[in-house]
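Chemist:
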Amino acid sequence: MAEARSGGPKARPRSPHLGIYRWPITMGTSILHRVTGVGLAFGTLLVAWWLVAASMGPESYDTFARVAGHWFGQLVLFGFTVALIYHAVNGVRHLFWDVGRGFKMHTANTSGIVAYVVTVALTLLVWLVAYRSMGVI
Numbered sequence: 002m003a004e005a006r007s008g009g010p011k012a013r014p015r016s017p018h019l020g021i022y023r024w025p026i027t028m029g030t031s032i033l034h035r036v037t038g039v040g041l042a043f044g045t046l047l048v049a050w051w052l053v054a055a056s057m058g059p060e061s062y063d064t065f066a067r068v069a070g071h072w073f074g075q076l077v078l079f080g081f082t083v084a085l086i087y088h089a090v091n092g093v094r095h096l097f098w099d100v101g102r103g104f105k106m107h108t109a110n111t112s113g114i115v116a117y118v119v120t121v122a123l124t125l126l127v128w129l130v131a132y133r134s135m136g137v138i
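Each residue of the sequence shown is one higher than the last, beginning at 2 in our numbering.
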């Protein structure tokens, strides 16, 4: 190891740590877009299970409904809803990029924040409408 002239070990530069490094908004939206894409692939299996259970009759559908109605099933369905809505909203953002719009840093950051806010708002709206239609609230 290289020694400094003072006789001690030479100080080496450190890589930025998560405690001091701030992720750009566009990096977060990009990573989340990929993660939600994978989540949608797994969530599609839930949709397939729902359709198969519905086609197999009341007993199979009751099994699905019990699992989906459990608190963990509700959490998974909520996550699937978030992934579906975010991926769609961010996909629209990417469509604008495909035609050459929204590449300026300020615009890209603003559209990323808008994607986050719209995702939260639409997800809550979907679940509010769903619970209201079931008579829960």
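All residues carry an ideal CB built from backbone N, CA and C; glycine is no exception.
#1: Expressed to the nearest angstrom, what Euclidean distance is found between the alpha-carbon atoms of Ser-112 and Gly-136?
#2: Assuming contact is defined by CB atoms lying nearer than 8 Å, are Leu-41 and His-88 in contact in what I supplied?
#3: CB Val-83 to CB Thr-120, shorter than 8 Å?
#4: Output yes or no for whether 8 Å exceeds the beta carbon distance between Thr-45 and Ala-54.
#5: Run the CB neighbour count on Ala-116, radius 10 Å, all protein chains shown included, and call it buried at 16 or more, exposed below.
#6: Around the Cβ of Leu-33, are there at least 16 other Cβ atoms within 10 angstroms (buried) or fewer (exposed)?
#7: If you run the structure through DSSP and keep just helix, strand and coil, what is Val-127?
Modeler: Looking at the coordinates:
#1: Cα to Cα, Ser-112 sits roughly 36 Å from Gly-136.
#2: Taking C-beta atoms as the reference points, Leu-41 and His-88 count as a pair closer than 8 Å.
#3: For Val-83 and Thr-120, yes; Cβs fall inside 8 Å.
#4: No, they are not a contact pair.
#5: Per the 10 Å Cβ criterion, buried.
#6: Looking at its Cβ environment, which holds 16 or more other Cβ atoms inside 10 Å, Leu-33 is buried.
#7: Correct three-state label for Val-127: helix.
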